[in-house]
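A short worksheet on the structure shown next.
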Amino acid sequence: MGTSSSDKAALLALLEKYRAGQCTPEEAARIQAWFDSFEELPDSGEIKTAADGAVVNTMHTLFPRRGGSVRYILLSAAAVLVLAITSLLFIYKFYMKEPVPVTYSYISTGKGERKKLTLPDGSKLIMNADSKLGIPSDFGDNARELVFTGQGTFDIQQNSKQPFTVHTGHVRTVVLGTAFDVKAYPGDKALQVAVLNGKVRIEKQEHNRIEVLAPGVTKDQLLTYEAGSGKHELKACKADVIAGWQQNKLFFDQASLEEIAEVLERQYNKHIILTGVSKRNCRYTLQLKSESIDKALQLIKELSGISYVVNNNEIKINTTSCE
1 MGTSSSDKAA LLALLEKYRA GQCTPEEAAR IQAWFDSFEE LPDSGEIKTA
51 ADGAVVNTMH TLFPRRGGSV RYILLSAAAV LVLAITSLLF IYKFYMKEPV
101 PVTYSYISTG KGERKKLTLP DGSKLIMNAD SKLGIPSDFG DNARELVFTG
151 QGTFDIQQNS KQPFTVHTGH VRTVVLGTAF DVKAYPGDKA LQVAVLNGKV
201 RIEKQEHNRI EVLAPGVTKD QLLTYEAGSG KHELKACKAD VIAGWQQNKL
251 FFDQASLEEI AEVLERQYNK HIILTGVSKR NCRYTLQLKS ESIDKALQLI
301 KELSGISYVV NNNEIKINTT SCE
């Protein structure tokens, strides 16, 4: 039943007829039907309390007491009945609205693929290979929050009233306006955030509890966080070198052959298999600049002593002889 002004006027007219004893059987049945629907409404203490006050006040306005007659009691009961229904329906519709569920739109890149995006607020994002971005349907309404896995460089549009938050697993990076590179691939031992300019706050959120890992990471600083151990470290870095993948420059800092192979597999869209005895003490610092996969493998071979075989889209690297 609606609560428009015309509906209310009709109800008041019906009550006046009832008070004068002029109701038809159909109108009396209508009142009974309203009573039945009232019994079916959800039992809510807050709704009942809010409605009671409105009903009692209106009842005394419509039917000023003229003595303790049965007629007065019946008329009062009818007023309470109809006005309670009207008030309850209004309050029920106002307060009991179903929340609009938040849905996500996803954008992803495959292996060997990159994408440049402009986000709804004007911020920029360059996504590296094999990455995924989740944008909630309410982005920008009350907050600017995204979900991200993989690697990407963000250039955030400044808005002091709405910090920008990037969720990567249990870690979130909070900024007002800055540029930073985040690397958080599934399976990575550590997440890393490198700041290109500006300042970010990095937090860990777990079980509704927030722990600040670093209150202010600034230009050319790198924060690494190991989810397994919970350890984190803040150190100086060359952030533009870390984000150099945008110009096809791959930088490795004391990386194992397993870590190098993972990056090459993503960037060149090749299936790489490591054979031989795993030697985790074989670590290398190097930078590859726009090399083809063949050139990259040759450089790694000269540096480490590994051997490799290329068979179409599959590459087998033997690490037994690494130095």
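Sequence positions in the sequence shown follow full-length UniProt numbering and run 1 to 323.
The beta-carbon is built from N, C-alpha and C at its ideal position, and this holds for glycine as well.
7 Å CB neighbourhood of residue i in its chain, flanking five on each side removed
i, result
"Lys238", "Asp220"
"Tyr268", "Gly112, Ile293"
"Ile272", "Ala261, Leu264, Glu265, Ile315, Ile317"
"Thr103", "Ser137"
"Asn313", "Lys270, His271"
"Ser160", "Leu176"
"Arg280", "Ser256"
"Thr118", "Lys124"
"Ser278", "Thr319"
Proximal residues to residue i (C-beta, below 6 Å), its chain only, five neighbours per side dropped
i, result
"Asp181", "Thr153, Ala194, Ile242, Ala243"
"Ala179", "Asp155, Leu196, Asn197"
"Val309", "Lys316"
"Tyr185", "Gly150"
"Ser321", "Gly305"
"Ser163", "Note that residue 163 corresponds to Pro in the displayed sequence, not to Ser. The residues are Val174, Leu176."
"Glu206", "His170"
"Leu297", "Tyr308"
"Lys116", "Ile126"
"Glu145", "Thr165"
"Lys204", "His170, Val171, Glu211, Leu213"
Residue nearest to residue i in terms of C-alpha spacing, selected from the options
i, options, result
"Thr173", "Gly198, Ala255, Pro186, Gly110", "Gly198"
"Glu259", "Thr319, Glu291, Val212, Val200", "Thr319"
"Trp245", "Glu203, Ile210, Arg209, Glu291", "Glu291"
"Ser108", "Gly134, Gln205, Val100, Pro101", "Gly134"
Straight-line Cα distance separating residue j from residue i
i, j, result
"Glu46", "Glu233", "Bear in mind that the predicted position of Glu46 carries a pLDDT of just 49, short of 50, making it too unreliable to give a figure here."
"Glu226", "Asn142", "31 Å"
"residue 324", "Gly177", "Here the chain has residues from 1 to 323 only, and residue 324 is not among them."
"Ser105", "Gln247", "27 Å"
"Pro120", "Gly140", "8 Å"
"Tyr284", "Gln254", "5 Å"
"Phe252", "Gln287", "6 Å"
"Lys183", "Leu125", "13 Å"
"Leu303", "Leu257", "11 Å"
"Arg114", "Thr165", "22 Å"
"Lys249", "Asn128", "12 Å"
"Val100", "Ala10", "34 Å"
"Lys295", "Asn311", "16 Å"
"Gly276", "Ile210", "43 Å"
"Cys282", "Asp240", "26 Å"
"Asn208", "Gly187", "24 Å"
Assumed close pair residue i, residue j - CB separation to whole angstroms, cut-off 8 Å
i, j, result
"Val147", "His170", "No, Val147 and His170 are not in contact; Cβ-Cβ is about 12 Å, not under 8 Å."
"Leu191", "Thr224", "7 Å"
"Leu222", "Lys235", "6 Å"
Same chain only: Cβ atoms within 8 Å of residue i, ignoring 5 sequence neighbours per side
i, result
"Arg201", "Thr173, Val174, Val175, Val212, Ala214, Pro215, Gly216, Val217"
"Lys301", "Ser307, Tyr308"
"Lys189", "Glu226, Gly228"
"Gly122", "Gln157"
"Gly110", "Ala129, Asp130, Asn269"
"Leu299", "Leu286, Leu288, Glu291"
Any non-hydrogen atom of the ligand SAM closer than 7 Å to residue i Cβ
i, result
"Ser160", "With respect to small molecules bound, the structure shown includes none, and the ligand SAM cannot be examined in it."
Review point. Which ranges does the beta strand (DSSP E) cover as unbroken runs of at least 3 residues, wholly within the stretch 138 to 216, from first to last along the chain?
Key: 144 to 155, 164 to 168, 171 to 175, 179 to 184, 190 to 197, 199 to 206
**Study point:** Minimum length 3: unbroken beta strand (DSSP E) runs contained in the stretch 242 to 274
**Key:** 249 to 256
Check your understanding: Fully enclosed by the stretch 278 to 308, which alpha helix (DSSP H) runs are 4 residues long or longer?
Key -> 293 to 304
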